[in-house]
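The opening position of the sequence shown corresponds to residue 95 in the working numbering, with each subsequent residue numbered one higher. Scroll down for the structure; my scribbles are underneath it.
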Amino acid sequence: MSHIRGRFSKAAGKLVAEYTASIPVDLRLYPYDIAGSIAHAKMLAKQGIISEKEATVITEGLGSIRGEIEQGKFQFKTELEDIHMNIEARLIKKVGEIGRKLHTARSRNDQVALDLRLFAKEAISDTLARLKKFQRALISLAEANKGVVMPGYTHLQPAQPVLLAHHLLAYFEMLKRDASRFSDCLKRVDVMPLGSGALAGVAYNVDRDFLARELGFSQISQNSIDAVSDRDFVMEYEAAASLCMMHLSRLAEEIILWSSEVFNFVELDEAYATGSSIMPQKKNPDVAELVRGKTGRVYGRLMALLTTMKALPLSYNRDLQEDKEGFFDTVDTILATLEVFTGMLKTLQIKAESTERAVERGYILATDLADYLVKKGEAFWSARSIVARLWSYAM
Ligand code: ARG
């Protein structure tokens, strides 16, 4: 009986360890975790909390652990739950007792908040760089097709002729707003949380300004209870990403329409389209469809974290561990989307004869004709009704 019980509880133990572990997801935080620990060790030595020699042993040990991870030699263990404990356990194994001093004056709660903020800062700068490249591709496409006229639409009905460049640069404006949202989010990410401890601060004379300088933060957090339980910055990024994906999805939708036989305004490069297995004449806009499709996934990540957090009492709760998978996926999805979409734009062929032919259909110059009559002295509403009669006669 006890034998069976023993086996049972072992199996449950393994199940629980797997259920609660975050290592499969948070191992990618290792560069930030190590950078944070190195800064922390230096600060502890500077404040006389550990000796300079101990700090050197710790920082060298951490440096060589970084090497092990980069070379794929590091053995991540589920039992050790997360990246913080995996690295620390390895440090203790490597340098012995001194390694046990690194966790003085900190908790995993402020540690994980720090790591995530360091990750977020890099994610924002990568996102801004890719947004800029995308905007450049929009400008190049507009410039290469400067004189091209196309129907402008409202209600997806041909409304008035516009320049293709005018239409494309509408997206430039959307992405400009997106970039400003990401930059704004950076201001609130750029806050150093170490020194908060588990929630109540730490009982040592730590130098938080030194930590902030060492880690490249412009501010330190003001309230330790808030600092360990705040994930606003993750949701702000996800919200900015959702808006940005919505913009990209609208352009993707237009490219899907424009590349269809019905519009026939653009030709997608083969690299960004696929054939059909049974219909050899087909060229499907799969990349654009996936941009549109992945947008739903990014919205979902935002809703998931908002929901996870809506009833959490202060301060840290383990629920917060659920923040990372969605955040990483959002960053990966938007970065990949921007990169692939930039390539698609760069290779997009505009069929000017076709957009210009479309302008000739649908009496798209009706408003211009009314404006012409106004300039000849007609009141606008009268001019409009003259043009309406003309239209009905022509029909
Ligand atoms: N793995 C945890 C997370 O990602 C790290 C913090 C754990 N803190 C704790 N008190 N169990 O949120």
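Note that the Cβ used here is the ideal one computed from N, Cα and C, for glycine as well.
query = Can SER116 be considered in contact with the ligand ARG, in the sense that its beta carbon sits closer than 7 angstroms to one or more heavy atoms?
reply = Yes.
Start and end residues, alpha helix (DSSP H) containing LEU235 = It spans 202-238 - the alpha helix (DSSP H) in which LEU235 sits, taken as one unbroken run.
ask   = Where does PRO374 sit, in a helix, a strand or coil, going by DSSP?
value = Correct three-state label for PRO374: coil.
ask   = Start and end of the beta strand (DSSP E) containing PRO89?
value = Examination of residue 89 is not possible in this model, given that the chain is present from 95 through 489 alone.
query = Could you check where the beta strand (DSSP E) with ALA253 kicks off and where it finishes?
reply = Where ALA253 is concerned, the enclosing beta strand (DSSP E) starts and stops at 251-257.
ask   = With C-beta atoms as the reference, is ALA321 less than 8 angstroms away from ALA217?
value = For the pair ALA321 and ALA217, the CB atoms are not nearer than the 8 angstroms cut-off.
task = Can you grab the Cα-Cα spacing for the pair TYR126 / ASP209, in whole Å?
result = About 5 angstroms.
inquiry  = Tell me the residue span of the alpha helix (DSSP H) that contains HIS197.
reply    = Unbroken run through HIS197: none, as it is neither H nor E.
inquiry  = If I measure Cβ to Cβ from VAL392 and keep anything under 6 angstroms in the same chain, skipping five residues before and after, which residues do I get?
reply    = Its chain contains ALA335, SER336, MET339, THR424 and THR427 as the residues whose beta carbon lies nearer than 6 angstroms to that of VAL392, once the 5 sequence neighbours on both sides are disregarded; these appear in chain order.
key: Cβ separation of ALA135 and LEU196, assumed to be a contact under 8 angstroms, to the nearest whole Å   = Contact between ALA135 and LEU196 holds, since their C-beta atoms are separated by about 6 angstroms, short of 8 angstroms.
request  = With a threshold of 7 angstroms, establish whether the CB of GLN415 neighbours any heavy atom of the ligand ARG.
outcome  = Yes; taking the cut-off as 7 angstroms, the Cβ of GLN415 has a heavy atom of the ligand ARG nearer than that.
Contact test: GLU173 Cβ vs the ligand ARG heavy atom, cutoff 7 angstroms = For GLU173, the distance from the CB to the nearest heavy atom of the ligand ARG is not below 7 angstroms.
request  = With a cut-off of 8 angstroms on the beta carbons, I'd call ARG325 and MET403 a contact; round off their distance for me.
outcome  = Indeed, because the Cβ distance is near 6 angstroms, the residues count as touching under 8 angstroms.
inquiry  = DSSP three-state label for ILE314, please.
reply    = Three-state DSSP puts ILE314 in a strand.
key: CB of GLN254 within 8 angstroms of CB of VAL360, strictly   = In terms of Cβ geometry, GLN254 and VAL360 do not form a close pair [threshold 8 angstroms].
query = Thinking C-alpha only, which one of GLU472, GLY142, GLU332 and THR441 is nearest THR198?
reply = With distances taken between Cα atoms, THR198 lies closest to GLY142.
key: Cβ-based neighbour list, GLU112, same chain, cut-off 7 angstroms, excluding 5 preceding and 5 following   = The residues are THR172.
ask   = Is VAL206 near the ligand ARG, in the sense that its beta carbon is under 7 angstroms from a heavy atom of that ligand?
value = Indeed, a heavy atom of the ligand ARG lies less than 7 angstroms from the Cβ.
inquiry  = Give me, in chain order, the residues of the same chain whose beta-carbon lies closer than 7 angstroms to that of PHE435; leave out the 5 immediate sequence neighbours on both sides.
reply    = Contacts found: PHE228, LEU342 and VAL385.
inquiry  = In whole angstroms, give me the CA-to-CA distance for GLN415 and PHE276.
reply    = So the two alpha carbons sit approximately 23 angstroms from each other.
message = Measuring alpha carbon to alpha carbon, tell me which residue in ILE192, LYS167 and THR389 is nearest LEU138.
response = Of the candidates ILE192, LYS167 and THR389, the one whose C-alpha sits nearest the C-alpha of LEU138 is ILE192.
Limits of the unbroken alpha helix (DSSP H) element including ASP176 = Here ASP176 belongs to no alpha helix (DSSP H), and DSSP marks it neither H nor E.
message = Give me, in chain order, the residues of the same chain whose beta-carbon lies closer than 7 angstroms to that of MET329; leave out the 5 immediate sequence neighbours on both sides.
response = Leaving aside the five residues that flank MET329 on each side, the residues in its chain whose CB is nearer than 7 angstroms to its CB run, in chain order, LEU396, LEU399 and LEU400.
key: Environment of LYS388 [buried if 16+ CB atoms lie within 10 Å]   = When all chains shown are included, LYS388 counts as buried.
query = At which residues does the alpha helix (DSSP H) containing GLY161 begin and terminate?
reply = Under the DSSP assignment, GLY161 falls in the alpha helix (DSSP H) whose first and last residues are 146-164.
ask   = Can you name the residues that DSSP bridges to MET403?
value = None; MET403 has no bridge partner.
query = What residue from ALA473, LEU235 and ALA129 has the CA that sits closest to CYS266's CA?
reply = It should be noted that the sequence gives Phe, not Cys, for residue 266. Ranking ALA473, LEU235 and ALA129 by CA distance to the CA of PHE266 puts LEU235 first.
request  = Taking only heavy atoms of the ligand ARG into account, decide whether any of them is closer than 7 angstroms to the Cβ of TYR298.
outcome  = False, no ligand heavy atom lies under 7 angstroms from that Cβ.
query = Comparing the CB of TYR410 with every heavy atom of the ligand ARG, is any distance shorter than 7 angstroms?
reply = It does: the Cβ of TYR410 is within 7 angstroms (strictly closer) of some heavy atom of the ligand ARG.
task = Under 6 angstroms Cβ to Cβ from ASN203, same chain only, skipping five residues before and after it: list those, please.
result = Only residues of its own chain outside the window of five on either side were considered, and among them ALA292, VAL322 and TYR410 have a CB closer than 6 angstroms to the CB of ASN203, listed in chain order.
task = Within its chain, find whatever has a CB closer than 7 angstroms to the CB of LEU262; leave out the 5 residues flanking it on each side and keep chain order.
result = So the list reads LEU232, LEU235 and ALA236, once near-sequence residues are dropped.
ask   = Expressed to the nearest angstrom, what Euclidean distance is found between the alpha-carbon atoms of ASP278 and ILE159?
value = Taking the straight line from one Cα to the other gives about 35 angstroms.
inquiry  = Please classify ARG164 as buried or exposed, where buried requires at least 16 neighbouring CB atoms within 10 angstroms.
reply    = According to the sequence provided, residue 164 is Glu. The question's Arg does not apply to it. Counting every other CB atom within 10 Å of its CB across the protein chains shown gives GLU164 a total below 16, marking it as exposed.
request  = Return the CA-CA distance between GLY246 and VAL453, expressed in angstroms with no decimal places.
outcome  = One C-alpha to the other measures close to 9 angstroms.
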